[in-house]
Amino acid sequence: MDETNASKIQYQYGLETRTIHAGSRPDPVTGARNTPIYQTTAYTFDDANHAADLFNLQTFGFIYSRLTNPTVAVLEERIANLEDGRAALCASSGHAAQFLTFFSLLNPGDEFIASQNLYGGSITQFTHSFKRLGWTCNFVDMTNVENIKSSISVKTKAIFLEVLANPGGVVIDLEAVAKIANGAGIPLIVDNTLATPFLCQPFKWGADLVLHSTTKFLSGHGTSLGGAIVESGMFDWVGNADKFPTMTEPDPAYHGLTFAETFGDFGFTMKARAVGLRDFGPCMSPANAFYTITGMETLHLRMLRHVENAQVVAEFLNSHNSVDWVSYAGLPKSPYYDLAKKYLPKGAGSVFTFGLKGGYEAGVKLVESTNLFSHLANVGDTRSLILHPASTTHRQLTDAQRDAAGAGPKVIRLSIGLETSDDLLYDLDQAMAQ
Ligand SMILES: *Cc1c(COP(=O)(O)O)cnc(C)c1O
Numbered sequence: 007m008d009e010t011n012a013s014k015i016q017y018q019y020g021l022e023t024r025t026i027h028a029g030s031r032p033d034p035v036t037g038a039r040n041t042p043i044y045q046t047t048a049y050t051f052d053d054a055n056h057a058a059d060l061f062n063l064q065t066f067g068f069i070y071s072r073l074t075n076p077t078v079a080v081l082e083e084r085i086a087n088l089e090d091g092r093a094a095l096c097a098s099s100g101h102a103a104q105f106l107t108f109f110s111l112l113n114p115g116d117e118f119i120a121s122q123n124l125y126g127g128s129i130t131q132f133t134h135s136f137k138r139l140g141w142t143c144n145f146v147d148m149t150n151v152e153n154i155k156s157s158i159s160v161k162t163k164a165i166f167l168e169v170l171a172n173p174g175g176v177v178i179d180l181e182a183v184a185k186i187a188n189g190a191g192i193p194l195i196v197d198n199t200l201a202t203p204f205l206c207q208p209f210k211w212g213a214d215l216v217l218h219s220t221t222k223f224l225s226g227h228g229t230s231l232g233g234a235i236v237e238s239g240m241f242d243w244v245g246n247a248d249k250f251p252t253m254t255e256p257d258p259a260y261h262g263l264t265f266a267e268t269f270g271d272f273g274f275t276m277k278a279r280a281v282g283l284r285d286f287g288p289c290m291s292p293a294n295a296f297y298t299i300t301g302m303e304t305l306h307l308r309m310l311r312h313v314e315n316a317q318v319v320a321e322f323l324n325s326h327n328s329v330d331w332v333s334y335a336g337l338p339k340s341p342y343y344d345l346a347k348k349y350l351p352k353g354a355g356s357v358f359t360f361g362l363k364g365g366y367e368a369g370v371k372l373v374e375s376t377n378l379f380s381h382l383a384n385v386g387d388t389r390s391l392i393l394h395p396a397s398t399t400h401r402q403l404t405d406a407q408r409d410a411a412g413a414g415p416k417v418i419r420l421s422i423g424l425e426t427s428d429d430l431l432y433d434l435d436q437a438m439a440q
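Numbering follows this note's numbering, with no gaps: position 340 of the sequence shown is 346.
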């Protein structure tokens, strides 16, 4: 190989270029430059042998859009690329991605460990609905990683965390947790929704699977539900075969193939698709994939502005005399400031919480008094959003769970958007005056 070729192979485009180009190319038939919405349920087979090979997973191609779709495939490749992963799979929502992940890992009777600082809906899913499937989640305070070690048992099959947690601005020591997971021979699963691959790439620190609610910053405009599972390709399923029969035992529906051995470093993605999506069906629609692809093309620009505005608003609240405390990892007084510098060097995201001196009543009054901030349950929109978690997203939790998750009665959650920062300060100031 001559030197030009060698340098071409080693050259990797920057993250900004890849948010725009990864996974997509002009349509080979029409030349359409943008990714078309392949609004089709099914795809014609070349002949009966081709059909048989597709159904046996012996060749790659499109059969039916519950399994694969060309528009969704572009998004999957783009997300895998930005995370530096081996492969990705998209689902109808972040929660669907979580379900498919655990379905691909666990059998009834298995357990996993999750951080207590999670999106409220994840805590509910893990606590109640997963329990009915025979999967037990043990929540621990991962701000002290020693708590994880003491919770691992022979039944533990995975560790789950949000590196930048929703809602409390908590940052977990990812590298330390990855070492523990690795030592125990179980995968570390990171929900990277609030950080996005622009702010943090968990595989770099030893994570094995990354999950996204693409509903949030990836699609970025509050238009489309979606989720993604990304696989690093580094986890040794075969070496830990006693723990993961779902990955290493022959699958009767596919003539006895084993996902870990047949597909190697993208075996998990294949399992989640060829069994999980096939049998449960929470696939992403091609239209939602299109909106998400389009939104992601400005991810790098949006995230810069999100964190810049968040920093300004956090500093303003921090010195405001109606505010009791601000929990934002970008403030030097935050206990998570140093971890944020390490794992989120470009900024500590744009979702954080603060407490009003007036407590519960003042909090309710505040969310009802903003004009520019929208009072709703979402994050990662271009618009700034305000919410009282205790009465909404974290409503179904117990008081103790709410306090542990940083969503107690006095807590207000903000998701800072892309508006003029002075306007955000003005709106919060007038609302607090009321
Ligand atoms: C929203 C969210 C989810 C759930 O995603 P949906 O797309 O709403 O199903 C999971 N994790 C985090 C961190 C979230 O913010």
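Using N, Cα and C, we set each Cβ at its ideal position, and we do this for glycine too.
Name the DSSP beta bridge partners of residue i, please?
i, result
"W331", "G361"
"H218", "A234"
"E168", "D197"
"V177", "L170"
Comparing C-alpha positions only, which one of the options sits nearest to residue i?
i, options, result
"T41", "G29, A184, K137, T133", "G29"
"F51", "A295, D344, G67, F118", "G67"
"D433", "P341, V332, V319", "V319"
"V160", "K185, F166, W243, F118", "F118"
"K347", "R419, H312, F322, L180", "L180"
"T149", "G412, V417, E425", "G412"
"S110", "L283, S375, Y70, E374", "L283"
"L95", "I43, N75, A234, A383", "A234"
"I178", "Y342, F108, G245, L431", "Y342"
"K137", "K155, I154, D116, V146", "D116"
"F223", "H306, K352, T404, R31", "H306"
"R31", "R84, Y49, I69, S71", "R84"
"R123", "S157, S397, F145", "For clarity, residue 123 is Asn in the given sequence; the question names Arg instead. It is F145 whose Cα lies nearest to the Cα of N123."
"G175", "A406, D344, Y366", "D344"
"S98", "S135, L112, T142, A295", "A295"
"A259", "A266, Y334, V281", "V281"
"A38", "N377, T77, S427, F286", "T77"
"A278", "T74, V332, H326", "T74"
"T221", "D197, P208, W243", "D197"
Less than 6 Å between the CB of residue i and some heavy atom of ligand 1, yes or no?
i, result
"L205", "no"
"D197", "yes"
"S421", "no"
"S99", "yes"
"S110", "no"
"N294", "no"
"Y125", "yes"
"S219", "yes"
"L170", "no"
"L81", "no"
"L231", "yes"
Under 7 Å, do residue i and residue j count as touching if we go by C-beta distance?
i, j, result
"L170", "A201", "yes"
"F274", "E237", "yes"
"P173", "T359", "yes"
"A354", "G369", "no"
"A102", "P288", "yes"
"I392", "H381", "yes"
"R311", "G226", "no"
"L431", "T298", "no"
"M290", "G232", "yes"
"A120", "F132", "yes"
"D214", "F250", "no"
"K363", "D330", "yes"
"I1", "A316", "Here the chain comprises residues numbered 7 to 440, so residue 1 is not present and cannot be evaluated."
"A437", "L372", "yes"
"L106", "K163", "no"
"E374", "V216", "no"
"F272", "M253", "no"
"Q407", "T130", "no"
"L420", "T388", "no"
"N384", "G228", "yes"
"V417", "G361", "yes"
"S219", "G100", "yes"
Going along the chain, which unbroken runs of the alpha helix (DSSP H) with 4 or more residues stay wholly within the stretch 365 to 429? Listed in chain order, they are 366 to 375, 405 to 410.
Hey, which unbroken runs of the alpha helix (DSSP H) at 4 residues or more fall wholly within the stretch 25 to 104? Listed in chain order, the complete alpha helix (DSSP H) runs (minimum 4 residues) inside the stretch 25 to 104 are 54 to 61, 76 to 88.
Mind pulling the alpha helix (DSSP H) runs of 4 or more residues that sit fully within the stretch 258 to 309? Runs found: 265 to 269, 273 to 277, 292 to 302.
Go through the stretch 111 to 168 residue by residue and report every complete run of the beta strand (DSSP E) that reaches 3 residues or more, in order. Entirely contained in the stretch 111 to 168, the beta strand (DSSP E) runs reaching 3 residues are, in chain order, 117 to 121, 142 to 146, 162 to 168.
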